[in-house]
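Protein chains: 2
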Amino acid sequence: MDTGNDDDLLNAAFLALSDPVRRRLISRLSRGPATVNELAEPFAISKQAVSKHIQVLEQAQLVTRSRDAQRRPVHLNPARLEALTAWIDQYRLVREAQFRSLDAVLHSNAAHGGSSQKDRK
Amino acid sequence: MDTGNDDDLLNAAFLALSDPVRRRLISRLSRGPATVNELAEPFAISKQAVSKHIQVLEQAQLVTRSRDAQRRPVHLNPARLEALTAWIDQYRLVREAQFRSLDAVLHSNAAHGGSSQKDRK
DNA sequence: AGGTTGATAAACCATTAGGTTGATTAGCAC
DNA sequence: GTGCTAATCAACCTAATGGTTTATCAACCT
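Note that the protein sequences, when read in sequence, are chains Y and L.
Each step along the first sequence adds one to the number in numbering that gives the first Met the number 0, with nothing skipped, and position 77 is 76.
Each step along the second sequence adds one to the number in numbering that gives the first Met the number 0, with nothing skipped, and position 7 is 6.
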């Protein structure tokens, strides 16, 4: 599935962040690496479920893992978070142009065939 | 459903952006408002499917709609995109601290104030 | 060796997402 | 009125998600 192309990475990353549990995991990891058990502790779900969430984040490359004996600490990969803001910023930056377009549409109604002024609720 | 709280909005927004079709819709809308039919044209899926995608984006408040007779132009809501970057930036900005934490863990395992820190590397 | 701990794998269940097709509403033009 | 168009609704299907429970694996420690 993950062919590694840009689209797949964006799919995976945005999907990963669409779950509140995973967002809380990200939040927790921003304060330092942690193991699955440590991450699972504050949640009311099983460790297996948390492990799956970590895998989702890992596939999206939002986190990476290292080895420390039988522990496998998870740590954040801020570079991938930046890739997301980079994508969003493409469209965030057209903000003023967008507002101008909207304004043009709203004001062209009056000059748009005349009878479009009848508003029935 | 959408109770309107912050978490739900983030869920909906990130989920909305996790689909490549919807990202392309966002991209298209960044160049100005468009109707469902106009948006559906470049896609190989039905207009009903596109209409559903628009509803997903609308529920996430990433787009809004106005009325123009029987047309319902969709336009981008950059403010919501900014809310997403705002969330990500919370953790993107800890970047240097994060690298320092990782570095500390990798190089001096005992120095990490965690519980049960057994170094073996 | 046996035993415990951290973490995953496998099988399964309920819910949802993305897509289809067919029918329906709302508004304009005639 | 009839007809056309934009858009949605409704029912349905398939595949994926998020969760569980049970079992397994790997590494440590006596």
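The beta carbon of each residue, even a glycine, is placed where N, CA and C say it ideally should be.
From a predicted model like this one, the values you see are computed outputs, not experimental measurements.
Other residues of its chain near residue i: CB distance less than 7 Å, five sequence neighbours each side excluded
| i | result |
| --- | --- |
| leucine 28(L) | Val62, Val73, His74, Leu75 |
| arginine 15(L) | Looking at the sequence shown, residue 15(L) is not arginine but alanine. Hits under 7 Å: Arg21, Val55, Leu56, Ala59, Leu61. |
| proline 19(Y) | none |
| alanine 33(Y) | Arg27, Pro72, Val73 |
Backbone CA spacing between residue i and residue j [nearest angstrom]
| i | j | result |
| --- | --- | --- |
| leucine 24(L) | serine 50(L) | 11 Å |
| isoleucine 87(Y) | leucine 56(Y) | 19 Å |
| alanine 11(Y) | serine 17(L) | 7 Å |
| arginine 79(Y) | phenylalanine 13(Y) | 11 Å |
| glutamate 40(L) | alanine 39(Y) | 45 Å |
| alanine 48(L) | serine 65(Y) | 42 Å |
| isoleucine 53(Y) | proline 77(Y) | 15 Å |
| glycine 31(L) | isoleucine 44(L) | 22 Å |
| glutamine 89(L) | aspartate 67(Y) | 28 Å |
| aspartate 6(L) | aspartate 6(Y) | 25 Å |
| phenylalanine 42(Y) | glutamine 69(L) | 48 Å |
| asparagine 4(L) | arginine 91(L) | 23 Å |
Any C-beta of chain Y under 9 Å from that of residue i
| i | result |
| --- | --- |
| leucine 9(L) | yes |
| glutamine 60(L) | no |
| isoleucine 25(L) | yes |
| arginine 71(L) | no |
| arginine 64(L) | no |
Residue i, enclosing beta strand (DSSP E) - first and last residue
| i | result |
| --- | --- |
| threonine 34(Y) | Threonine 34(Y) -> no beta strand (DSSP E), and no H or E assigned at all. |
| leucine 8(L) | Segment 5 to 16 is the alpha helix (DSSP H) holding leucine 8(L); no beta strand (DSSP E) there. |
| serine 75(Y) | The sequence as given places leucine at residue 75(Y); serine does not occur at that position. Looking at the DSSP string, the run of the beta strand (DSSP E) that includes leucine 75(Y) is 73 to 75. |
| arginine 64(Y) | 62 to 64 |
C-beta neighbour in chain L for residue i, strict 9 Å
| i | result |
| --- | --- |
| leucine 83(Y) | yes |
| proline 77(Y) | yes |
| alanine 12(Y) | yes |
| isoleucine 44(Y) | no |
| leucine 16(Y) | yes |
| proline 41(Y) | no |
| leucine 56(Y) | no |
| glutamine 47(Y) | no |
| leucine 38(Y) | no |
Residue range of the unbroken alpha helix (DSSP H) whose run includes residue i
| i | result |
| --- | --- |
| leucine 28(L) | 19 to 28 |
| isoleucine 53(Y) | 46 to 58 |
Contacting residues, own chain, Cβ-Cβ under 8 Å from residue i (five flanking each side not counted)
| i | result |
| --- | --- |
| leucine 8(L) | Asp1, Ala59, Gln60, Arg79, Ala82 |
| lysine 46(Y) | Val35, Asn36, Ala39 |
message: Would the stretch 51 to 61 of chain Y count as touching the stretch 79 to 94 of chain Y if we require 3 or more Cβ pairs under 8 Å?
response: yes
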